[in-house]
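Sequential numbering from 3 applies to the sequence shown in our numbering. Read through the structure below, which is laid out as structure tokens, and then see the notes.
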Amino acid sequence: MDYEQVLQEIQLEVSPLLNDGKVADYIPELAKIDKSNFGMHLLTLDEQNFAVGQSQVKFSIQSISKVFMLAMAVGECQYSVFDRVNVEPSGDPFNSLVQLEYESGIPRNPFINSGALVIADILLSEFSNPKKEFLQYIHRLTGVSSIDYNETVATSEKALGYKNAAMVNLMKSFGNIHNEVEDILDLYFHFCSIEMTCEELARAFRVFANHGRGVVDSYSYLSESQFKRIAAIMLTCGFYDEAGEFAFSVGLPGKSGVGGGIAAILPNKYSLVVWSPGLNNKGNSLAGMKALELFTTKTHTSIF
Ligand code: GLU
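Structure below.
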């Protein structure tokens with residue numbers, strides 16, 4: 003398969019879509035990002051790299067960090083994490099509050115905001131310096147020690163993060179939040195503000211494509227069982243209320259973020275990352291979704 007050629011074809015085919023999406027302007031710093039950006043990076047398990055476009059430009063990974071948060075929490079606390087957050091698709095927008103009230107403060111899954119806020123609470127309880135240790139975890143996954151938080155983005159989101167604050171308060175009223183609201187929000191906004199390139203994200207997700215194991219030393223970041231469960235949550239809950247559509251049209255486990263990134267894996271084969279900041283009305287990268295659909299169609303690869 004000539005992956006280089008496939009990526010070039012895709013870049014050409016999605017270029018008319020780059021203008022159709024809308025950048026996430028509810029976070030003022032993200033509203034400044036140029037919609038014409040498009041990058042894609044494929045990393046195969048036999049260590050071949052293929053890329054097109056702005057695959058080396060750092061962007062705000064936003065909710066993609068929820069996968070790393072969950073992996074770190076499960077690595078530390080195993081499945082007790084799921085006493086406080088469920089594993090069902092929500093069918094509601096990523097920042098919705100409604101289910102939380104009638105489901106007694108237990109979020110539907112760890113990849114919507116409420117669920118990730120509970121995971122942030124768990125990390126705050128389990129680690130002495132979770133902000134530092136989370137970055138170190140990502141440095142280990144990628145081998146890139148320059149990856150960092152973007153303080154301006156974190157501050158920008160914090161200034162207007164009323165809904166996330168409402169969620170933490172509501173969950174605290176049900177007893178499902180143990181730390182101080184402000185501390186959880188600060189940690190969560192920092193996790194979302196991490197900036198990475200398509201290539202760096204593909205490197206991090208390679209570990210998931212490799213059943214939780216690293217490259218050179220076969221170091222296990224996750225057990226086989228933990229990997230399977232996290233990949234299952236990516237497939238069923240990784241795309242807000244469009245997880246069904248993503249499984250339907252792309253057919254890979256993955257996770258999107260409102261920065262316009264999408265990371266996906268084909269277990270045993272590859273990790274694949276696309277970045278295009280224009281979002282559709284569900285908050286997923288519009289051209290990015292199409293690019294991944296084209297990729298699995300052209301290469302005849304999906305988990306199905
Ligand atoms: N920081 C964003 C928020 O909490 C993340 C949303 C996302 O990427 O889905 O609204």
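Don't be surprised by glycine CBs; every beta carbon is placed ideally from N, CA and C.
Where residue i sits in the DSSP three-state scheme
| i | result |
| --- | --- |
| residue 43 | strand |
| residue 105 | coil |
| residue 9 | helix |
| residue 270 | coil |
| residue 148 | coil |
| residue 215 | strand |
| residue 124 | helix |
| residue 323 | For the chain, the structure presents residues 3 to 306; residue 323 sits outside this window and is missing. |
| residue 26 | coil |
| residue 76 | helix |
Proximity to residue i [Cα-Cα], best of the options
| i | options | result |
| --- | --- | --- |
| residue 85 | 56, 207, 120, 10 | 120 |
| residue 163 | 142, 140, 188, 141 | 188 |
| residue 21 | 300, 287, 294, 296 | 287 |
| residue 262 | 279, 269, 251 | 279 |
| residue 143 | 276, 293, 209, 281 | 209 |
| residue 71 | 134, 91, 93 | 134 |
| residue 267 | 248, 233, 11, 242 | 233 |
| residue 54 | 306, 290, 305, 304 | 290 |
| residue 112 | 139, 297, 131, 66 | 66 |
| residue 247 | 294, 123, 48, 130 | 294 |
| residue 185 | 17, 273, 132 | 132 |
| residue 88 | 304, 129, 5, 110 | 110 |
| residue 51 | 94, 24, 273 | 273 |
| residue 31 | 194, 96, 17, 214 | 194 |
| residue 203 | 16, 68, 23 | 68 |
| residue 242 | 122, 217, 285 | 285 |
| residue 95 | 122, 115, 129 | 115 |
Residue environment, residue i, which counts as buried when at least 16 other CB atoms sit within 10 Å
| i | result |
| --- | --- |
| residue 3 | exposed |
| residue 302 | exposed |
| residue 14 | exposed |
| residue 38 | exposed |
| residue 58 | exposed |
| residue 258 | buried |
| residue 199 | buried |
| residue 33 | exposed |
| residue 212 | buried |
| residue 228 | buried |
| residue 298 | buried |
| residue 123 | buried |
- Message: Quick test of the definition: if touching needs 3 or more C-beta pairs under 8 Å, does the stretch 79–94 touch the stretch 133–152?
- Response: no
- Message: Does the contact criterion of 3 or more C-beta pairs under 8 Å hold for the stretch 236–253 versus the stretch 168–178?
- Response: no
- For the stretch 58–65 and the stretch 222–236, state whether three or more C-beta atom pairs, one from each stretch, are separated by less than 8 Å. no
- Message: Tell me whether the stretch 265–280 and the stretch 31–51 touch, counting them as touching only if at least three CB pairs, one residue from each stretch, are closer than 8 Å.
- Response: yes
- Message: Assess contact between the stretch 165–172 and the stretch 100–111, defined as three or more Cβ pairs (one per stretch) separated by less than 8 Å. Is contact present?
- Response: yes
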